[in-house]
Amino acid sequence: MFRVLATSALLSACMSEAIEAEGTSAPVGPVPTAIARPPVQVLPDWFAGEYEQKSTDTGQALELENDGSYRWSYSGFIGRASSREERGRVRLVDGWLVFEPTGDTEPAAHEPLSKRGCVVAQDSWRCFLLEREIVSFCNGVNAGHRPSPGFMLATEASSATEPELAAQLPPEFAGYVLSGSVVATVREVEDLRAAGESGDRVEFTIDAGSTEGLRAGMELWPLDLPSWDKTPWPGRLVEVTEHSAKGRMRWTNSVPAVGTRMSTRDPRAK
285 MFRVLATSAL
295 LSACMSEAIE
305 AEGTSAPVGP
315 VPTAIARPPV
325 QVLPDWFAGE
335 YEQKSTDTGQ
345 ALELENDGSY
355 RWSYSGFIGR
365 ASSREERGRV
375 RLVDGWLVFE
385 PTGDTEPAAH
395 EPLSKRGCVV
405 AQDSWRCFLL
415 EREIVSFCNG
425 VNAGHRPSPG
435 FMLATEASSA
445 TEPELAAQLP
455 PEFAGYVLSG
465 SVVATVREVE
475 DLRAAGESGD
485 RVEFTIDAGS
495 TEGLRAGMEL
505 WPLDLPSWDK
515 TPWPGRLVEV
525 TEHSAKGRMR
535 WTNSVPAVGT
545 RMSTRDPRAK
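Sequential numbering from 285 applies to the sequence shown in my numbering.
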């Protein structure tokens with residue numbers, strides 16, 4: 285009987301200690317801090333930066349971040365002062381930058397940003413191009429010109445290494461950057477203007493085509509001009525076959541004669 289009572293007392297004491305232990309808070313150690321994760325990189329390093337285009341009455345700027353965020357702003361004074369700003373995310377899809385504005389902003393440019401664009405870089409300059417500007421940009425490169433202020437140029441040079449220019453363009457436009465100048469001979473010239481009419485109404489045919497790398501939309505410059513003609517106008521190709529092409533140009537003193545040459549490079553370029 286004594287043993288039973290002693291055992292019962294011992295169990296009661298142990299239970300009391302356990303209950304007291306439950307009510308006592310354990311020492312609190314240091315709370316682990318959240319590990320800061322770097323932003324996920326969506327765009328190549330050489331894409332990031334600010335691009336600007338300014339004219340007498342308008343200006344616009346695009347800020348691209350490596351994490352895929354962007355900010356596009358526009359300001360102008362045509363009739364009345366106006367300004368807009370757009371923010372959102374951008375995705376790189378098959379060589380194209382596809383802009384996706386957030387729902388609470390309105391398009392900041394003259395045309396919707398849902399239209400595609402791309403970033404190109406060469407030597408010390410970079411620029412952002414909308415889809416409608418790519419062929420014009422490539423014509424300037426082939427002609428030996430620097431990018432026009434009409435494009436959105438980067439405010440700073442990139443320290444990153446970019447691929448060759450043709451590889452930067454969306455695949456469907458890669459062929460518009462030539463590895464060298466194409467020189468062709470004029471076979472036909474036709475004045476398409478009606479009596480008293482003016483404008484881009486001269487059509488020419490040359491003896492080079494897609495085999496030589498030419499494509500519709502490319503420009504060629506007259507080479508064999510009089511020494512006094514210092515301002516040649518280029519002609520733009522409208523139809524290209526395997527070994528020939530047709531183009532149109534303005535009626536000026538620079539209209540080439542049959543048998544003279546034309547080149548994708550501006551003869552004035554250095």
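Backbone N, C-alpha and C fix where the C-beta goes; we use that ideal spot for every residue, glycine too.
In DSSP terms, what residue i is bridged to
{"i": "Tyr-354", "result": "Leu-348, Gly-372"}
{"i": "Val-404", "result": "Cys-411"}
{"i": "Tyr-335", "result": "Leu-346, Ala-438"}
{"i": "Leu-521", "result": "Gly-531"}
{"i": "Leu-381", "result": "Leu-376, Gly-401"}
{"i": "Asp-475", "result": "Val-486"}
{"i": "Gly-501", "result": "Gly-501 pairs with nothing; no bridge assigned."}
{"i": "Thr-469", "result": "Arg-545"}
Contacting residues, own chain, Cβ-Cβ under 7 Å from residue i (five flanking each side not counted)
{"i": "Phe-412", "result": "Tyr-335, Leu-346, Gly-401, Val-403, Met-436"}
{"i": "Ser-353", "result": "Arg-373"}
{"i": "Ser-442", "result": "Trp-330, Gly-333, Ala-405, Arg-410"}
C-beta contact flag for residue i and residue j at 7 Å
{"i": "Val-524", "j": "Ala-541", "result": "no"}
{"i": "Leu-509", "j": "Pro-518", "result": "no"}
{"i": "Val-382", "j": "Arg-373", "result": "no"}
{"i": "Leu-476", "j": "Glu-487", "result": "yes"}
{"i": "Glu-526", "j": "Ser-494", "result": "yes"}
{"i": "Glu-472", "j": "Thr-489", "result": "yes"}
{"i": "Arg-534", "j": "Leu-507", "result": "no"}
As assigned by DSSP and simplified to three states, the class of residue i
{"i": "Ala-305", "result": "Because Ala-305 sits at a pLDDT of 48, beneath the cut-off of 50, its placement in the model cannot be relied upon, and the point is left open."}
{"i": "Leu-507", "result": "coil"}
{"i": "Thr-489", "result": "strand"}
{"i": "Arg-549", "result": "coil"}
{"i": "Val-419", "result": "helix"}
{"i": "Pro-558", "result": "Since the first residue of the chain shown is 285 and the last is 554, residue 558 is not available in this structure."}
{"i": "Ser-494", "result": "helix"}
{"i": "Glu-448", "result": "coil"}
{"i": "Pro-396", "result": "Residue placement at Pro-396 is flagged as unreliable, the pLDDT there being 46, under the threshold of 50; the coordinate-derived value follows with that caveat. Looking at Pro-396 - three-state DSSP - the assignment turns out to be coil, as it is neither helix nor strand."}
{"i": "Gly-464", "result": "coil"}
{"i": "Glu-456", "result": "helix"}
{"i": "Gly-424", "result": "helix"}
Spatial neighbours of residue i in its chain, beta-carbon cut-off 6 Å, leaving aside the 5 residues before and after
{"i": "Ala-458", "result": "Ala-450"}
{"i": "Cys-422", "result": "Tyr-460, Val-461"}
{"i": "Gln-337", "result": "Gln-344, Met-436"}
Own chain residues within Cβ distance below 8 Å of residue i, not counting five before or after
{"i": "Ala-392", "result": "Because the pLDDT at Ala-392 is just 49, under 50, the model does not fix this residue reliably, and the point stays unresolved."}
{"i": "Arg-430", "result": "Trp-409, Gly-424"}
{"i": "Arg-549", "result": "Asn-426, Ala-427, Gly-428, Ser-465, Trp-505"}
{"i": "Lys-554", "result": "Gly-428"}
Candidates the options, of which the one nearest residue i by Cα
{"i": "Glu-496", "options": "Val-470, Gly-464, Arg-471", "result": "Gly-464"}
{"i": "Gly-379", "options": "Glu-440, Ile-418, Ser-353", "result": "Ile-418"}
{"i": "Ser-528", "options": "Val-470, Lys-338, Gly-428", "result": "Val-470"}
{"i": "Arg-485", "options": "Pro-454, Lys-554, Val-467, Thr-536", "result": "Thr-536"}
{"i": "Val-326", "options": "Asp-341, Thr-340, Val-377", "result": "Val-377"}
Distance cut-off 6 Å: residue i Cβ against heavy atoms of the ligand COA
{"i": "Leu-453", "result": "This structure simply doesn't include the ligand COA, nor any ligand for that matter."}
Contact with chain C by residue i, beta-carbon distance below 7 Å
{"i": "Arg-549", "result": "This model lacks chain C altogether; it includes just one protein chain."}
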